[in-house]
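Trainee:
Have a look at this one:
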């Protein structure tokens, strides 16, 4: 289930308030600045800092590579 584009326009990281990158196929939102991933559970973003997944260097790089290669845009221009 894809997130509503209007919701994506306003979603920000709860910790640094910056934009996120939406990976629909992985049901997640990614913050490359903090190397954190927020899951999307049944179409609802779980935007709790304590629930975020801290990513290792390899996973962070993989997602950054996808952002570049797939042209994934941030949730808003920060």
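In our numbering, the protein residues as written are 10 to 87.
Virtual Cβ for every residue (Gly too), placed ideally from N, Cα, C.
1. Tell me, which residues are paired with residue 53 by DSSP?
2. How many Å lie between residue 44 and residue 64 at the Cα?
3. Going by DSSP, what residue range makes up the beta strand (DSSP E) through residue 12?
4. For residue 40, would you say it is in contact with chain D, using Cβ-to-Cβ distances shorter than 9 Å as the test?
5. Does DSSP classify residue 45 as helix, strand or coil?
Mentor: On the basis of the data shown:
1. Partner(s): 50.
2. Answer to the nearest angstrom: the Cα atoms are 5 Å apart.
3. Boundaries for residue 12: no beta strand (DSSP E) harbours it, and the DSSP string shows neither H nor E there.
4. Structure shown: chain D not included; a single protein chain is present.
5. Residue 45 sits in a strand when the DSSP states are folded into three classes.
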